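What follows is one structure encoded as structure tokens, with my remarks underneath.
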Amino acid sequence: MKHVEHIQKQRPALDTRWRMLKQTREFFWSKGFTEVETPLVVRLPGQEPYLNPIPLVLHNELGKTFAGYLHTSPEYTMKKMLTAGYEKIFFLGKTFRDCESFGGMHNPEFTMIEWYRAHEDMSALMQDVEQLFQSLGYAQSFERLHMRQLWKEYADLNLDTLLTAEALFAACMSKGYHPDADEQYEDLFYRIFLNEIEPRLAEQGPVIVHHYPAQMAALSKISADDPRYAERFEVYIEGVEIANAFTELTNADEQLKRLTEERALRQKLGKDVFEIDPEFIEAVRSMPPAAGVALGFDRLVQVLAGCKDIDDVLVLPASKLFL
Amino acid sequence: MGDTTGIRKGAVIQHQNDLYVVTDFQFVNPGKGSAFTKTKMKSITTGKSIEITYKSGESVEIVQVTRQNMQYLYKSGQFYSFMVQSTYETVELAADVLGEDIKYLKEGLDVIGMFHETTCVAVELPKKIQYMVKVAPPAVKGDSASGNVTKEAEMENGLKVQVPIFIKEGENILVNTETGDYGGRSGE
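For the protein sequence lines, the chains are A and B, in the order given. Just so you know, we're using the numbering used here here: the first sequence kicks off at 1 and counts up by one. Just so you know, we're using the numbering used here here: the second sequence kicks off at 324 and counts up by one.
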């Protein structure tokens, strides 16, 4: 009866969840978005070096086998849809990531809201995020901060001078960290960010942190006003990251270059390595300017239901199914 | 020495010339950079709490602790007294060493004390502890029809647990100390 007991115990939080699912859908439809479904089982998942897609094997009626993965995000398919002519679309469904904790901040399957706006940049998404929270009954207003401001205020560092791995490595050393000599820019960045800045965000209300160093652009566009930074923002509530957004990169060659680098890093880290989706690269080549954001729905429920552990907002978390 | 996989509650870590006991930790994979383990720990010498975020796989100086069987005796003032079973010595622990675990203590409970040199820095509870149910309101007709398969019961030491409606006062039940959930009737 452990399963039934968990569901009963979490009934109030779960009821909040169902209400929020409905309100979220209503919010996006009322703003002119179309809800879309993308394949959850894909042949070629994303190349993010630190994500582990869950591998699986499919069989057709003749017993022929096909290797695939559960998607880690609907991004590639949604961008293909933008190229095909969709302009305002949202996905509200499950995504999957292996090798993460069962409970706490993670569950191997979790719910994502991901939405895209063609012909817009990330400022339109910031407004969407703020309005979505309002429509769900979240009363606090967001503060928008440039990443550079946070580094100045909380780490007493000028981020403008720390935009290369060498400079950031030196800053980490002088602050008493012990990074590896060949550590990636991103890892060096997070050493300082997670130890000195993120804990301070917990004391603050909801924050939108915008403009990341160009080195951490991932799939985002470099800012036209200041090419040292990328048009990317993250949403933090009580120190927990809840959303990640980009003005999307539309340069296919640059996209291919970044994915090739990420794939090489996957190989170096000993992760599963797969082909870069050529259909995705071709789609990016004729994709309209667009902005997109992924927001962790479970964490959103945690905020509104006041639950510290993701398990508390899931009907049956992996910890109950497998441990 | 060790790495982040050795971080758990009660582990003792050497950090900047001081020893810290891990009070809480959390695995975080932001998906962009590599994964991290956020670690809350308390200094053994000053009692001050700090939060350190380690990169997954990073080396961490985990200090060996010795484990000794202890029995909980009683609370006196601000302290909780335990007896070390091999030496009959009494160890007094402050509330903040025990943290959330205080609610599970009952007289005579066997626990494991983690010692760094002569200082008990943390206590490990059994995974399941047996309690006698002191207060359990009888099930009301219609409870299961309305979906209430559990009710709140109070144990001999004041601990409150959600139990199935068939549990009666005076029965012995097991409670899971990791989750605080009902863990079955004892002997089942």
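A virtual CB, placed ideally from N, CA and C, is assigned to each residue, including glycine. All values reported here derive from a predicted model rather than from experimental measurement.
Taking only the alpha-carbon atoms, compute the straight-line gap between residue i and residue j and give it to the nearest angstrom.
{"i": "residue 178 (chain A)", "j": "residue 142 (chain A)", "result": "35 angstroms"}
{"i": "residue 386 (chain B)", "j": "residue 344 (chain B)", "result": "10 angstroms"}
{"i": "residue 216 (chain A)", "j": "residue 230 (chain A)", "result": "7 angstroms"}
{"i": "residue 155 (chain A)", "j": "residue 171 (chain A)", "result": "10 angstroms"}
{"i": "residue 34 (chain A)", "j": "residue 198 (chain A)", "result": "34 angstroms"}
{"i": "residue 494 (chain B)", "j": "residue 456 (chain B)", "result": "6 angstroms"}
{"i": "residue 382 (chain B)", "j": "residue 254 (chain A)", "result": "36 angstroms"}
{"i": "residue 53 (chain A)", "j": "residue 271 (chain A)", "result": "10 angstroms"}
{"i": "residue 488 (chain B)", "j": "residue 308 (chain A)", "result": "28 angstroms"}
{"i": "residue 10 (chain A)", "j": "residue 366 (chain B)", "result": "35 angstroms"}
{"i": "residue 239 (chain A)", "j": "residue 351 (chain B)", "result": "12 angstroms"}
{"i": "residue 148 (chain A)", "j": "residue 160 (chain A)", "result": "7 angstroms"}
{"i": "residue 235 (chain A)", "j": "residue 23 (chain A)", "result": "20 angstroms"}
{"i": "residue 473 (chain B)", "j": "residue 504 (chain B)", "result": "11 angstroms"}
{"i": "residue 44 (chain A)", "j": "residue 135 (chain A)", "result": "36 angstroms"}
{"i": "residue 357 (chain B)", "j": "residue 376 (chain B)", "result": "12 angstroms"}
{"i": "residue 326 (chain B)", "j": "residue 360 (chain B)", "result": "10 angstroms"}
{"i": "residue 66 (chain A)", "j": "residue 153 (chain A)", "result": "52 angstroms"}
{"i": "residue 450 (chain B)", "j": "residue 297 (chain A)", "result": "32 angstroms"}
{"i": "residue 421 (chain B)", "j": "residue 317 (chain A)", "result": "28 angstroms"}
{"i": "residue 458 (chain B)", "j": "residue 4 (chain A)", "result": "23 angstroms"}
{"i": "residue 133 (chain A)", "j": "residue 508 (chain B)", "result": "44 angstroms"}
{"i": "residue 431 (chain B)", "j": "residue 339 (chain B)", "result": "38 angstroms"}
{"i": "residue 79 (chain A)", "j": "residue 201 (chain A)", "result": "32 angstroms"}
{"i": "residue 175 (chain A)", "j": "residue 168 (chain A)", "result": "11 angstroms"}
Count the other CB atoms, across all protein chains shown, that sit within 10 Å of the CB of residue i; report buried if there are 16 or more and exposed otherwise.
{"i": "residue 210 (chain A)", "result": "buried"}
{"i": "residue 321 (chain A)", "result": "exposed"}
{"i": "residue 50 (chain A)", "result": "buried"}
{"i": "residue 433 (chain B)", "result": "exposed"}
{"i": "residue 244 (chain A)", "result": "buried"}
{"i": "residue 29 (chain A)", "result": "exposed"}
{"i": "residue 195 (chain A)", "result": "buried"}
{"i": "residue 207 (chain A)", "result": "buried"}
{"i": "residue 182 (chain A)", "result": "exposed"}
{"i": "residue 349 (chain B)", "result": "buried"}
{"i": "residue 180 (chain A)", "result": "exposed"}
Note the first and the last residue of the continuous beta strand (DSSP E) segment covering residue i.
{"i": "residue 7 (chain A)", "result": "Note, residue 7 (chain A): premise wrong, no beta strand (DSSP E); alpha helix (DSSP H) at 2-9."}
{"i": "residue 418 (chain B)", "result": "Segment 418-421 is the alpha helix (DSSP H) holding residue 418 (chain B); no beta strand (DSSP E) there."}
{"i": "residue 307 (chain A)", "result": "Per DSSP, residue 307 (chain A) belongs to no beta strand (DSSP E) and is neither H nor E."}
{"i": "residue 80 (chain A)", "result": "No beta strand (DSSP E) contains residue 80 (chain A), which is instead part of the alpha helix (DSSP H) from 75-83."}
{"i": "residue 443 (chain B)", "result": "442-447"}
{"i": "residue 349 (chain B)", "result": "341-351"}
{"i": "residue 335 (chain B)", "result": "335-338"}
{"i": "residue 456 (chain B)", "result": "451-458"}
{"i": "residue 396 (chain B)", "result": "389-399"}
{"i": "residue 293 (chain A)", "result": "290-296"}
{"i": "residue 309 (chain B)", "result": "Nothing in the structure corresponds to residue 309 (chain B), since chain B is present only between 324 and 511."}
{"i": "residue 55 (chain A)", "result": "55-59"}
{"i": "residue 70 (chain A)", "result": "65-70"}
In terms of residue numbering, what span does the alpha helix (DSSP H) encompassing residue i cover?
{"i": "residue 129 (chain A)", "result": "122-135"}
{"i": "residue 213 (chain A)", "result": "Residue 213 (chain A) -> not in any alpha helix (DSSP H); beta strand (DSSP E) instead, spanning 207-213."}
{"i": "residue 437 (chain B)", "result": "Where residue 437 (chain B) is concerned, there is no enclosing alpha helix (DSSP H), although the beta strand (DSSP E) it sits in stretches over 433-439."}
{"i": "residue 189 (chain A)", "result": "185-192"}
{"i": "residue 147 (chain A)", "result": "147-155"}
{"i": "residue 255 (chain A)", "result": "252-268"}
{"i": "residue 318 (chain A)", "result": "318-322"}
{"i": "residue 44 (chain A)", "result": "Segment: none, residue 44 (chain A) is in no alpha helix (DSSP H) and carries neither H nor E."}
{"i": "residue 375 (chain B)", "result": "From DSSP, residue 375 (chain B) is part of no alpha helix (DSSP H) but of the beta strand (DSSP E) over 372-378."}
{"i": "residue 404 (chain B)", "result": "First-last for residue 404 (chain B): 402-407, but that is the beta strand (DSSP E), not the alpha helix (DSSP H)."}
{"i": "residue 201 (chain A)", "result": "198-201"}
Which residues in chain A have a C-beta closer than 8 angstroms to the C-beta of residue i? List them in chain order.
{"i": "residue 350 (chain B)", "result": "100, 101, 104, 105, 106"}
{"i": "residue 505 (chain B)", "result": "5"}
Can you name the residues of chain B whose CB is closer than 8 angstroms to the CB of residue i?
{"i": "residue 173 (chain A)", "result": "Residues of chain B passing the Cβ test: none, with the nearest at roughly 15 angstroms."}
{"i": "residue 1 (chain A)", "result": "472, 487"}
{"i": "residue 191 (chain A)", "result": "376, 378"}
{"i": "residue 241 (chain A)", "result": "353"}
Against residue i, what residues of chain B qualify as contacts under a CB-to-CB distance less than 7 angstroms, listed in chain order?
{"i": "residue 218 (chain A)", "result": "355"}
{"i": "residue 9 (chain A)", "result": "485"}
{"i": "residue 199 (chain A)", "result": "374"}
{"i": "residue 194 (chain A)", "result": "359, 376"}
Kindly list, in the order they appear in chain A, the residues whose Cβ is closer than 7 angstroms to that of residue i.
{"i": "residue 358 (chain B)", "result": "50"}
With respect to 8 angstroms, is the separation between the Cβ of residue i and the closest non-hydrogen atom of the ligand PLP below this value?
{"i": "residue 108 (chain A)", "result": "The ligand PLP is absent from the structure shown, which contains no ligand whatsoever."}
What residues from chain B crowd round residue i, counting only those whose CB sits closer than 9 angstroms?
{"i": "residue 187 (chain A)", "result": "356, 357, 378"}
Interfacial residues, the segment 110-133 of chain A to chain B, with Cβ spacing under 7 angstroms = none
request  = Identify each residue in the segment 366-383 of chain B for which the Cβ-Cβ distance to at least one residue of chain E is less than 7 angstroms, and report them in chain order.
outcome  = Any reference to chain E falls outside this structure, whose protein chains are A and B.
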